[in-house]
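Position one of the sequence shown corresponds to residue 76 (the working numbering), numbered consecutively onward.
The next block holds one structure in the form of structure tokens; read it before the comments.
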Amino acid sequence: MFDLGFAELLVIGVVALIVVGPKDLPVLFRKVGNFMGKARGMAREFSRAMNDAADESGVRDVQKTFKSATNPLGSAMDGVKDAAKSMTNLDPSSNTGKLSAEREAAKKKIEASAARAAADRKKREAEEALKKAEEMEAALKADAAPEKDA
């Protein structure tokens, strides 16, 4: 809005500190912040009122017509997007909706069987690792026993 950089803000802050004083500076900043909040709220409300007035008068329709006339490729892509969106909204009672539900159920069954297979594989690997660790511990005990005798 005002396009102030860090250096300009620093100069404004130092001047405010000198003019207002360190005691009253937080109060000043709070009042400025409240004012800015009210100004933004008023601007937002004005913008909303102008958009509502434009909607009521049909300016949006005219604007959309001009946009499609100046950018035919963009309006064609908007049409494709709308068509794709309408294709993804399926009626559950239609054949396509029933097929979609069947595919979803099959997907869940496949995911469940894959999870079961992965769990079984990890269990088998854990048992093999446990057996290998027990064999190594037994070998260590066997190696340690002759050393005690010596």
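Even for Gly, the Cβ is constructed at its ideal location relative to N, Cα and C.
If Leu103 and Ala91 are in contact, beta carbons under 8 Å, what's the gap, nearest whole angstrom? Contact check for Leu103 and Ala91: beta-carbon distance about 7 Å, within the 8 Å limit, so the pair qualifies.
Complete runs of the alpha helix (DSSP H) confined to the region 130–162 [at least 4 residues]: 134–145
Gly88: first and last residue of the uninterrupted alpha helix (DSSP H) it sits in: Taken as a continuous stretch (DSSP letters only), the alpha helix (DSSP H) holding Gly88 covers Phe81 to Val95.
For Asp127, which of helix, strand or coil comes out of DSSP? helix
Kindly give me the distance between the Cβ atoms of Ala144 and Arg135, rounded to whole angstroms, as I take these residues to be in contact under 8 Å. Not a contact, Cβ separation roughly 15 Å.
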